[in-house]
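**Student:** So for the sequence shown, the working numbering puts the first residue at 1028; every next one is plus one.
Glycine included, every Cβ here is placed at the ideal spot set by N, Cα and C.
Predicted model, so just to flag it, every value in this text is computed and none were measured.
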Amino acid sequence: MADPQFPNKIRRNQEEDIVPCLRCNHCLGSNKVAFFEAKCMVNPHMAHEHRTRHVPPAVCSRKVLVVGGGVAGMEAAITAADRGHKVVLVEKAEELGGVIRFADYDSIKVQLKKYRKYLVRQVMKRNIDVRLSTEATEGLIEALQPDAILVATGAKPIIPHIPGIDGENVMYATDAYYHSEKLGKKIVIIGGGLVGCEVGAHLANTGHEVEVVEMGSELAPEDNPFHHCGMMAYWSERPIHGTVNTTVTRIASDGVYGEDKDGKEVFFEADTVLYCVGMKEDTSVTEEMQKYCYDVVAIGDCFKSGRIVDAVGMGYHSAVDLA
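1) Output the distance between the C-alpha atoms of D1337 and A1325, rounded to the nearest integer angstrom.
2) Ignore the nearest five residues each way along the sequence and tell me which others in T1180's own chain have a CB closer than 7 Å to its CB.
3) According to DSSP, simplified to helix, strand and coil, what is D1289?
4) Tell me where the beta strand (DSSP E) around T1299 begins and ends.
5) With distance defined between alpha-carbon atoms, name the residue in A1200, I1155 and E1043 nearest to P1184.
6) Locate the beta strand (DSSP E) running through K1017, then write down its first and last residues.
7) Measure from the alpha carbon of N1196 to the alpha carbon of each residue in E1165, L1210, G1342 and L1049, then state which is nearest.
8) Within 10 angstroms of its Cβ, does Y1302 collect 16 or more other Cβ (buried), or is it exposed?
9) Bridge partners of I1155, per DSSP?
10) Across which residues does DSSP place L1092 in a beta bridge pair?
11) Which whole-angstrom value describes the C-beta separation of T1270 and E1238, a residue pair presumed to lie in contact below a C-beta threshold of 8 Å?
12) Do you know offhand how far Y1284's Cα is from H1188's?
13) Look up P1034 in the DSSP assignment and say whether it is helix, strand or coil.
14) Closer than 7 Å by C-beta to K1140: which residues in its own chain qualify, once you throw out the five before and the five after it? Chain order, please.
15) Hey, quick one: how far does the alpha helix (DSSP H) through I1105 stretch, first residue to last?
16) Going along the chain, which residues of its own chain have a beta-carbon closer than 6 Å to the beta-carbon of D1030, five neighbours each way excluded?
17) Which of the three DSSP states is assigned to K1209 in this structure?
18) In terms of residue numbering, what span does the beta strand (DSSP E) encompassing P1252 cover?
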């Protein structure tokens, strides 16, 4: 499903062009999606082959600026270049990958790391002007004079209004990958969505004692049942535990205080506290770009915070929709 051309690429000795499957089971559907409506996380054509199988060539070649080198940005740049557009891809970080760069440091996300490297390879194989450590400024727009701008600058983590959230022992969940030296032995994760659960699994796998605290009635409700069962089995073999129906009330230097569904105060000891209670779209770059170019489209998390499947789909279709 990830790459229907798998056999042909093997036959042509194009193994590096094979789209790696993430083994996420998203294609099997979720609790809220019927199987016939399911999609592949990395293949925007799945279930839409009748209208997306072939990338239509551009009627006329346009200069396209893609702002942001994450999943949506790279997918858009690749597709636009394949259609014959002149593409400039700018990324303010020193390397491509966006939010999924964390996979390079995750002890579990092997397939996601392969996928990031695949996307980077595909970008570099094409005639795409890649500019790293570069921000989209008024001066850059004036110099490039793009016909269209695709903005893929991502989202920002929501910071919960909890006393103590600005403490020295607190950080956003995925920042733990880049600052592992700041992590203590015992870790509490505020937010039991899929991100919190998977970060917790990685930390437990690397020797930490982890407690995931969720205010809802279940952990990772957005996850599909197949992946969820596998994740819970993984948890059962490691020092990680989840607590639901519990609202965090304050963060202290030695742990986290909360209130369970019966109104009883509970305490979770912690050396380090991580939070991941959702993401909010960052529209600032899109609004700035609209001052300098008529055709500006926001894609990926800066349009609506979502998952890789959403970023891939928006990246692909935004490039196909370019006139």
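**Tutor:** The short version:
1) For D1337 and A1325, the distance between alpha carbons rounds to 13 Å.
2) Only V1094, G1095, D1309, V1312 and C1329 meet the Cβ criterion.
3) Three-state DSSP puts D1289 in coil, outside helix and strand.
4) Taken as a continuous stretch (DSSP letters only), the beta strand (DSSP E) holding T1299 covers T1299 to Y1302.
5) Nearest of A1200, I1155 and E1043 to P1184, Cα basis: A1200.
6) Only positions 1028 to 1350 of the chain appear in the structure, and residue 1017 is not among them; the question remains open.
7) Of the listed residues, the one whose Cα sits closest to N1196 is L1210.
8) Buried.
9) Its beta-bridge partners are V1114.
10) L1092 is bridged to V1115 and I1176.
11) Sure, about 7 Å apart at Cβ, within 8 Å.
12) CA-to-CA, the gap between Y1284 and H1188 works out to about 14 Å.
13) Three-state DSSP puts P1034 in a helix.
14) Excluding sequence neighbours, K1140 sits near A1130 and D1131.
15) Its alpha helix (DSSP H) spans residues V1098 to D1109.
16) Answer for D1030: I1045 and V1046, listed in chain order.
17) Helix.
18) Bounds of any beta strand (DSSP E) do not take in P1252; it lies within the alpha helix (DSSP H) bounded by P1252 to S1263.
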